[in-house]
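A.B. asks: Can you read through this structure? Questions will come right after.
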Amino acid sequence: MIRYFLTNYSFKLRLRIAFAVMIALSVSACGFISYYISARVVQDNALKLSQDALNKSSQAFDEKLRHVAVSLMTLFISSAFDEAMKDVVAGARPPISSITRRSRRPSCR
Numbered sequence: 003m004i005r006y007f008l009t010n011y012s013f014k015l016r017l018r019i020a021f022a023v024m025i026a027l028s029v030s031a032c033g034f035i036s037y038y039i040s041a042r043v044v045q046d047n048a049l050k051l052s053q054d055a056l057n058k059s060s061q062a063f064d065e066k067l068r069h070v071a072v073s074l075m076t077l078f079i080s081s082a083f084d085e086a087m088k089d090v091v092a093g094a095r096p097p098i099s100s101i102t103r104r105s106r107r108p109s110c111r
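Printed below as a string of structure tokens:
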């Protein structure tokens, strides 16, 4: 096949075909290499972005847990909680406040 290519075509045509093949090979090689490089960059950026999102959500979760812990500590330290716990241990029921005794009837204004 190579012998047929070398003998039956003119030198000018063979030179044009060789240049076209070289250009096609170089363009396809550059395209493949640039695709490979960009795929790696996108993959690295996606991994970094997902790690950042996970870190931010874990920080927000930690902050909310910290707020819960602070509010529970405040509750445990308060004297009202101590009195309520003493009443629970003694078996006494706390008095019903006037807020819970409200009438369920709609008010006419």
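Residue numbering for the sequence shown follows our numbering, starting at 3 and increasing by one per position. Just so you know, even glycine gets a beta-carbon here, dropped at the ideal spot from N, CA and C.
To test your reading of the DSSP string, which unbroken alpha helix (DSSP H) runs of 4 or more residues are found completely within the stretch 35-69?
C.D. replies: Listed in chain order, there is nothing to give.
A.B. asks: Taking the C-alpha atoms as reference points, what is the distance between SER40 and LYS50?
C.D. replies: Cα to Cα, SER40 sits roughly 15 Å from LYS50.
A.B. asks: Using DSSP with H/G/I as helix, E/B as strand and the rest coil, what is GLY93?
C.D. replies: Three-state DSSP puts GLY93 in coil, outside helix and strand.
A.B. asks: Which class does TYR6 belong to by DSSP, given the choice of helix, strand or coil?
C.D. replies: Residue state, collapsed to three classes: helix.
A.B. asks: So for SER80, helix, strand or coil by DSSP?
C.D. replies: The answer is coil: DSSP assigns SER80 none of H, G, I, E or B.
A.B. asks: Would you report the Cα separation of MET24 and CYS32, rounded to the nearest angstrom?
C.D. replies: Roughly 12 Å separates the two Cα atoms.
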